[in-house]
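Colleague: Quick one: structure below, then a few questions.
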Amino acid sequence: MICQGLISFDTSFKFEQNHKAGYYKIDLPCGFFYIKDRSEDERNFYPLFFLLDGIKYEKKGLHSGYRQSLESAIEENLDKSTFVGISWDSKSQILTLISGVFGIIPIYYYFVEAKFVVFANSLPTLMSLIPLEYRPLQNKYHIAKYLSMDAKFGNAHQDTFYQNVRLVPPGNSVKISGSGVAVETYLRYNKPSSNSNEELFLAVSDTLKESVITSVGTGNVVGAHLSGGLDSSSICAFAQLAYGTGKLNTFYFDLKTKYADEIVYVEKIAELFKLDHHNVVPSNRILDYEIEYISILGRPGYGVFPNAAHGSVINKAVETGCNVLLSGHDGDSITGFGTYEYFNQFLEKRDIIGLRNALKEFAVIQPMGYLFADWESLSVEQRIRTFEKYWCFRELDRAILKQNTSKIIWLVKHFGLERDEIFGYMRRSFNKATRKYFGQKLPASLLNENLPLNDFSKQKYPYDFYGQYTDDVEGVYLTNSPDVSRDLFTLANSKGISFRFPFFYKPLFELCMSASYETKFGNGIGRNHLRQGLEGILPDEVRLRAGKGSAGAYSRRTVIDLYNQGGGDFLSSSSGVWDYIDKKKFDITWTTLNKSDLSNFNYVTCSRLIYRALSIAIWLSKK
Numbered sequence: 001m002i003c004q005g006l007i008s009f010d011t012s013f014k015f016e017q018n019h020k021a022g023y024y025k026i027d028l029p030c031g032f033f034y035i036k037d038r039s040e041d042e043r044n045f046y047p048l049f050f051l052l053d054g055i056k057y058e059k060k061g062l063h064s065g066y067r068q069s070l071e072s073a074i075e076e077n078l079d080k081s082t083f084v085g086i087s088w089d090s091k092s093q094i095l096t097l098i099s100g101v102f103g104i105i106p107i108y109y110y111f112v113e114a115k116f117v118v119f120a121n122s123l124p125t126l127m128s129l130i131p132l133e134y135r136p137l138q139n140k141y142h143i144a145k146y147l148s149m150d151a152k153f154g155n156a157h158q159d160t161f162y163q164n165v166r167l168v169p170p171g172n173s174v175k176i177s178g179s180g181v182a183v184e185t186y187l188r189y190n191k192p193s194s195n196s197n198e199e200l201f202l203a204v205s206d207t208l209k210e211s212v213i214t215s216v217g218t219g220n221v222v223g224a225h226l227s228g229g230l231d232s233s234s235i236c237a238f239a240q241l242a243y244g245t246g247k248l249n250t251f252y253f254d255l256k257t258k259y260a261d262e263i264v265y266v267e268k269i270a271e272l273f274k275l276d277h278h279n280v281v282p283s284n285r286i287l288d289y290e291i292e293y294i295s296i297l298g299r300p301g302y303g304v305f306p307n308a309a310h311g312s313v314i315n316k317a318v319e320t321g322c323n324v325l326l327s328g329h330d331g332d333s334i335t336g337f338g339t340y341e342y343f344n345q346f347l348e349k350r351d352i353i354g355l356r357n358a359l360k361e362f363a364v365i366q367p368m369g370y371l372f373a374d375w376e377s378l379s380v381e382q383r384i385r386t387f388e389k390y391w392c393f394r395e396l397d398r399a400i401l402k403q404n405t406s407k408i409i410w411l412v413k414h415f416g417l418e419r420d421e422i423f424g425y426m427r428r429s430f431n432k433a434t435r436k437y438f439g440q441k442l443p444a445s446l447l448n449e450n451l452p453l454n455d456f457s458k459q460k461y462p463y464d465f466y467g468q469y470t471d472d473v474e475g476v477y478l479t480n481s482p483d484v485s486r487d488l489f490t491l492a493n494s495k496g497i498s499f500r501f502p503f504f505y506k507p508l509f510e511l512c513m514s515a516s517y518e519t520k521f522g523n524g525i526g527r528n529h530l531r532q533g534l535e536g537i538l539p540d541e542v543r544l545r546a547g548k549g550s551a552g553a554y555s556r557r558t559v560i561d562l563y564n565q566g567g568g569d570f571l572s573s574s575s576g577v578w579d580y581i582d583k584k585k586f587d588i589t590w591t592t593l594n595k596s597d598l599s600n601f602n603y604v605t606c607s608r609l610i611y612r613a614l615s616i617a618i619w620l621s622k623k
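If you use UniProt numbering, the sequence shown corresponds to residues 1 to 623, in order.
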């Protein structure tokens with residue numbers, strides 16, 4: 001826990017408080033704040049700023065005597081990957097809560113008009129501050145959204161699993177007075193200009209290195225997750241350079257499953273940079289970890305598979321004495337692949353030659369066994385045709401939804417679809433639309449049909465801080481990526497470790513937005529601007545490797561284990577989960593998950609649906 005507090009707007013409102021070791025306390029006539037004390041080794045990465053009547057407070061609650069405006073304090077912290085801010089103005093009686101650029105450190109609040117507001121960066125802590133008579137009910141809309149695969153989720157919106165418990169959205173501040181709440185956006189993105197690709201490549205590498213050095217800090221015992229992929233390998237390379245003569249601890253999820261075995265790349269990086277490396281076999285106590293972590297989070301998690309793998313690495317980091325843990329999550333979104341955006345540029349211009357060449361380049365170089373079960377047995381020409389049809393049908397879906405007749409005709413004409421393929425596609429689309437078809441095609445959710453809820457897939461990010469950069473920004477903020485980062489930060493923080501994500505760095509994100517889709521696409525490998533920037537730093541086997549490991553098989557296995565270890569017992573007929581989930585859909589998806597002949601993509605889809613249903617059932621049982 002980093003901060004918590006209570007402000008009363010009603011003099012008759014009574015509140016309680018207890019001393020908390022490791023925190024400094026600010027007493028007010030109308031409430032109190034508890035702020036995590038700042039240790040010496042955090043001077044370069046302290047994640048909080050606190051202003052009281054415009055005076056900046058520092059270590060041990062001693063004010064600096066330095067007067068600072070809220071705008072100046074935010075500007076001073078903008079380039080930090082993680083921060084939160086608190087400001088109290090006793091004259092105006094306004095509390096301001098500020099979330100960081102990417103919202104990795106959560107800050108929750110609960111407001112009762114004309115009565116009080118409580119806030120904390122821990123949801124269980126927040127709930128403990130709310131008087132019993134004001135305890136909030138479950139938020140059925142949010143629960144349903146969580147269970148839907150269609151939801152553009154991310155941390156874009158303020159709602160949580162509890163009614164009126166809000167999350168300060170990233171890039172925003174929330175001003176709270178006795179009469180109401182106002183959300184204000186402070187964040188703006190600007191693309192820097194680059195004179196050449198060579199300058200861009202160098203700038204990307206230097207900026208990532210700068211973020212890693214800041215994350216490592218001084219005086220810390222640092223560990224890092226090393227998966228063997230491009231992102232984690234680059235983080236570990238720069239972290240070891242920043243760490244100097246000491247050895248960086250690195251940890252590898254040894255999942256021992258198909259598509260996830262990356263040990264050859266991990267060993268290459270560990271040997272090259274002389275890392276103190278640990279292979280961590282995830283605990284098989286899947287249910288125990290899930291129950292523990294739901295309790296720590298105060299809600300279900302947002303990951304795509306159970307928490308035992310991440311939990312095992314966090315515990316190993318504690319065992320080795322680390323107080324900082326680095327992760328390459330989510331370098332994919334921050335740097336951007338540029339792949340589908342590049343395809344769409346040709347599609348918009350109706351340039352069939354350019355489009356087919358781009359699709360061909362991608363299909364030849366990218367391993368797609370996770371998407372097509374028979375990919376390894378296909379010839380090069382078969383792979384090209386398979387991917388072309390996959391992409392074409394994907395675009396047909398979009399064109400039909402938008403009733404774009406000219407696009408439909410153009411796709412059918414130029415991709416040489418056979419009559420049987422067209423009729424087969426139309427039949428599947430019709431059956432899907434009428435909800436009578438369920439075979440290999442999995443549902444978007446397990447939700448009951450009668451839930452009076454909105455179409456989550458149509459949600460837009462409600463805060464305008466990106467101007468013309470919609471695709472880039474929504475590719476980060478409307479995905480699960482920041483939610484997963486927030487989960488990992490919270491779980492590690494509960495064990496005394498600061499989880500840090502160097503890719504979540506505003507200057508790096510802006511720099512990557514400046515790269516053209518053609519530059520990012522390269523020869524079909526994707527993320528070419530990052531790969532070229534890492535030339536001479538990472539070995540080519542890692543730097544130029546297409547594709548990466550997939551945890552689909554591990555996800556499937558652990559979700560089945562979660563169910564069999566007792567998770568299924570939480571799905572009794574009296575469970576509140578059936579208020580949301582269709583039992584028939586659940587049973588069919590569970591049966592599908594247990595089949596042995598599906599693609600990795602379908603396993604991931606089934607696993608996520610079942611895992612979220614089990615997570616909600618476990619959480620509801622603890623209410």
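Even for Gly, the Cβ is constructed at its ideal location relative to N, Cα and C.
Tell me which same chain residues have a C-beta within less than 6 Å of the C-beta of residue 33, skipping the five on either side of it?
Modeller: 5 and 26
Colleague: Can you find a C-beta in chain D that's less than 9 Å from the C-beta of residue 514?
Modeller: No chain D appears in the structure shown, which is made up of a single protein chain.
Colleague: Does the beta-carbon distance from residue 272 to residue 251 come in below 9 Å?
Modeller: No, these two residues do not count as a Cβ contact at 9 Å.
Colleague: Once the 5 residues before and after residue 266 are set aside, which same chain residues still bring their CB inside 6 Å of it?
Modeller: 226, 228 and 252
Colleague: Could you tell me which whole alpha helix (DSSP H) segments of length 4 or greater appear in the stretch 496-551?
Modeller: 506-513, 517-521, 528-533 and 540-543
Colleague: Round the Cβ separation of residue 547 and residue 603 to the nearest angstrom and send it over; I've been treating them as touching at under 8 Å.
Modeller: At roughly 17 Å, the Cβ-Cβ gap does not stay under 8 Å, so residue 547 and residue 603 are not in contact.
Colleague: Enumerated in chain order, which unbroken segments of the alpha helix (DSSP H) with a length of 4 residues or greater are wholly contained in the stretch 279-353?
Modeller: 286-297, 308-319, 331-335 and 339-348
Colleague: Can you name, in chain order, every residue of its own chain whose Cβ lies under 7 Å from the Cβ of residue 280, other than the five neighbours on each side?
Modeller: 251, 252, 253, 254, 312, 313 and 316
Colleague: Rounded to a whole number of angstroms, what is the C-alpha to C-alpha distance between residue 563 and residue 607?
Modeller: 11 Å
Colleague: So what does DSSP say about residue 621, is it helix, strand or coil?
Modeller: Taken through DSSP and simplified to helix, strand or coil, residue 621 comes out as helix.
Colleague: Rounded to whole angstroms, what is the Cα-Cα separation between residue 292 and residue 342?
Modeller: 43 Å
Colleague: Of all the options 512, 166 and 530, which has the alpha carbon lying nearest to the alpha carbon of residue 191?
Modeller: The shortest C-alpha separation from residue 191 is found at 512.
Colleague: Smallest Cα separation from residue 29: which of 9, 182 and 47?
Modeller: 9
Colleague: If we ignore side chains and look at the alpha-carbon of each, how far apart do residue 276 and residue 237 end up?
Modeller: 13 Å
Colleague: Please classify residue 609 as buried or exposed, where buried requires at least 16 neighbouring CB atoms within 10 angstroms.
Modeller: buried
Colleague: Using a Cβ-Cβ cut-off of 6 Å (strictly less than) and excluding sequence neighbours within five positions of residue 94, which residues of its own chain qualify?
Modeller: 175 and 177
Colleague: I need the boundaries of the alpha helix (DSSP H) containing residue 382, first residue and last residue.
Modeller: 380-401
Colleague: Please look up how many angstroms separate the CB atoms of residue 448 and residue 554, rounded, as I've assumed it's under 8 Å.
Modeller: With 8 Å as the limit, residue 448 and residue 554 do not qualify as a contact, their Cβ atoms being about 30 Å apart.
Colleague: Buried or exposed: where does residue 90 fall if 16 or more other Cβ atoms within 10 Å of its Cβ makes it buried?
Modeller: exposed
Colleague: Let me know the secondary structure DSSP gives residue 415 once reduced to three states.
Modeller: coil
Colleague: Which value, in whole angstroms, describes the spacing of the CA atoms of residue 612 and residue 412?
Modeller: 37 Å
Colleague: By the DSSP assignment, the beta strand (DSSP E) with residue 8 in it spans what residues?
Modeller: Counting along the chain, the beta strand (DSSP E) containing residue 8 begins and ends at 3-8.
Colleague: Would you call residue 72 buried or exposed, if buried means 16 or more other Cβ atoms sit within 10 Å of its Cβ?
Modeller: exposed
Colleague: Between the C-alpha atoms of residue 56 and residue 68, what's the straight-line distance to the nearest angstrom?
Modeller: 6 Å
Colleague: Return the chain-ordered list of same chain residues with a C-beta closer than 6 Å to the C-beta of residue 14, the five sequence neighbours on each side being excluded.
Modeller: none
Colleague: Taking 8 Å as the limit between beta carbons, can you name the residues of its chain near residue 367, skipping five residues before and five after?
Modeller: 375, 546 and 547
Colleague: Is the stretch 479-488 touching the stretch 516-524, taking contact as three or more C-beta pairs under 8 Å?
Modeller: no
Colleague: DSSP puts residue 277 in a beta bridge; with which residues?
Modeller: 250
Colleague: Identify the residues that DSSP records as bridge partners of residue 24: which are they?
Modeller: In the DSSP secondary-structure assignment, residue 24 is bridged to 35.
Colleague: Could you tell me the boundaries of the beta strand (DSSP E) in which residue 146 lies?
Modeller: Not the beta strand (DSSP E): residue 146 falls in the alpha helix (DSSP H), residues 140-147.
Colleague: Could you compute how far the alpha carbon of residue 134 sits from the alpha carbon of residue 117?
Modeller: 11 Å
Colleague: Along the alpha helix (DSSP H) that carries residue 627, what are the first and last residues, could you check?
Modeller: The chain is shown only over 1 to 623; residue 627 falls outside these bounds and no answer can be derived.
Colleague: Determine whether the beta carbon atoms of residue 195 and residue 184 lie at a separation below 9 Å.
Modeller: no
Colleague: Figure out for me which residue from 324, 121 and 378 has the closest Cα to the Cα of residue 239.
Modeller: 324
Colleague: Using DSSP with H/G/I as helix, E/B as strand and the rest coil, what is residue 438?
Modeller: Any answer about residue 438 is weak, because its pLDDT of 37 lies below 50 and its placement is not dependable; what the coordinates show is given next. Three-state DSSP puts residue 438 in coil, outside helix and strand.
Colleague: Residue 47 and residue 102 look like a contact to me (Cβ under 8 Å); what is the Cβ gap, rounded to whole Å?
Modeller: The C-beta distance from residue 47 to residue 102 rounds to 12 Å, too long to meet the 8 Å contact threshold.
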